[in-house]
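One gets this note's numbering by counting positions in the sequence shown from 1 and adding 791 to each.
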Amino acid sequence: MTMTHLTRFAPLAATALLAAGCATVPGEPDPRDPLEGMNRSVYQFNDTVDRALFRPVAKTYQAVVPVPVRDCVSNFYGNLRDVWASVNFFLQGRVPDGINGFGRVLMNTTVGGLGCFDAAATVGVPRQPNDFGLTLGVWGLDSGPYLVLPIFGPSTVRDGAGLIVDVNGGVIDHIENVRLRNSLWGGSLLDARSRLLDAGEMVDDLALDPYSFVRDAYLQRRDSVLNARRGNTTVPDYSLPDYGDDESKDSSSQESKDSNTSQESK
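See below:
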């Protein structure tokens, strides 16, 4: 998985219980996943590679490197991602968010020590992940079928196309020094995978069908973020209805009027 797709997968931890409750069982077709047979094979390949290579390395990194250092590394890569995220906000027509994003980069690069500390979050400007797949969605392009990419992981046809632009639009890919660029890519992958260790263990422990669990959580999360980008979020009405019948309302109203009349006459 690249940094972009690992970041998209991270919110699984927050949606785990919801996804587990609505995950589709094997054998029951999901209209969002017409390529399920192929996707399951790719998912199994990715899982095998992850358990043999990525997960052990990430566990070692987590065990050896102190938490403050890991936090610094995560903030550093987050600061790099904020540049491309801000560009996408402008492409989506969300100019204030784009300005805030570049403001985050400027503040965290200077006051935050090249992004080691998320200084912008402490003053009320939190990080907002963004990518070109979401931009295509804001522009009206349908997500298309669910798609599991080799190594890259959960995606859709639209997000897979967006990933090509994400990789070429990110800061790291424009570094000319090959050794430095490759080192930064490797570090970003290691950081992202280490942050997903708890989510991965949660999937193993809770999901009857891990494939469906990951698919449903990914699609739900992406739909939620896209709706927010489109401004389709609404606040539910939590007020309780008036269960009183008409007679009691009329009686209460009449009693109130009589009381007022009596007080006025006095």
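We put the beta carbon where it would ideally sit given N, CA and C, even for glycine.
Per DSSP, reduced to three states, the secondary structure at residue 1022 is coil, with no helix or strand assignment. Sequence-distant Cβ neighbours of residue 960 in its own chain, meaning closer than 8 angstroms and more than five residues away, are 875, 878 and 923.
Take residue 951, set aside five residues on each side of it, and the residues of its chain with a beta-carbon closer than 7 angstroms to its own are 938 and 940, in chain order. Setting aside the 5 residues that flank it on each side, residue 849 is surrounded in the same chain by 981, 984, 985 and 988, each with a C-beta closer than 7 angstroms to its C-beta; the list follows chain order. For residue 975, the CB contacts under 6 angstroms within the same chain, skipping 5 residues up- and downstream, are 963 in chain order. For residue 937, the beta-bridge partners assigned by DSSP are 947. Taking a contact as a CB-CB distance under 8 angstroms, the pair residue 1007 and residue 1001 does not count as one, their CB atoms being some 11 angstroms apart.
Nearest neighbour of residue 882 by Cα position, chosen from 866, 921 and 917, turns out to be 921. The beta carbons of residue 925 and residue 1016 sit closer together than 8 angstroms. When the five nearest sequence neighbours on each side are left out, the beta carbons in the same chain lying within less than 6 angstroms of the beta carbon of residue 830 are those of 939, in order along the chain.
Around the C-beta of residue 992, fewer than 16 other C-beta atoms lie within 10 Å, and the residue is accordingly described as exposed. Between residue 880 and residue 892, the C-beta gap is smaller than 8 angstroms, which places the two residues in contact. Here residue 819 is exposed, its C-beta having fewer than 16 other C-beta atoms within 10 Å.
Here residue 824 has 830, 936, 937 and 1006 as same chain residues with Cβ atoms under 7 angstroms from its own Cβ, once five neighbours each way along the sequence are excluded. Here residue 828 is exposed. Its C-beta has fewer than 16 other C-beta atoms within 10 Å. Where residue 986 is concerned, the enclosing alpha helix (DSSP H) starts and stops at 969-986. Assignment of residue 819 by DSSP, reduced to helix, strand and coil, places it in the coil class. The three-state reading of DSSP puts residue 835 in helix, counting H, G and I together. In this structure, residue 866 lies near residue 909, with their beta-carbon atoms less than 8 angstroms apart.
Of the candidates 1009, 871 and 977, 871 places its Cα closest to the Cα of residue 906. The beta carbon of residue 861 is closer than 6 angstroms to none in its chain, skipping five residues each way along the sequence.
DSSP places residue 862 inside the alpha helix (DSSP H), whose first and last residues are 858-882.
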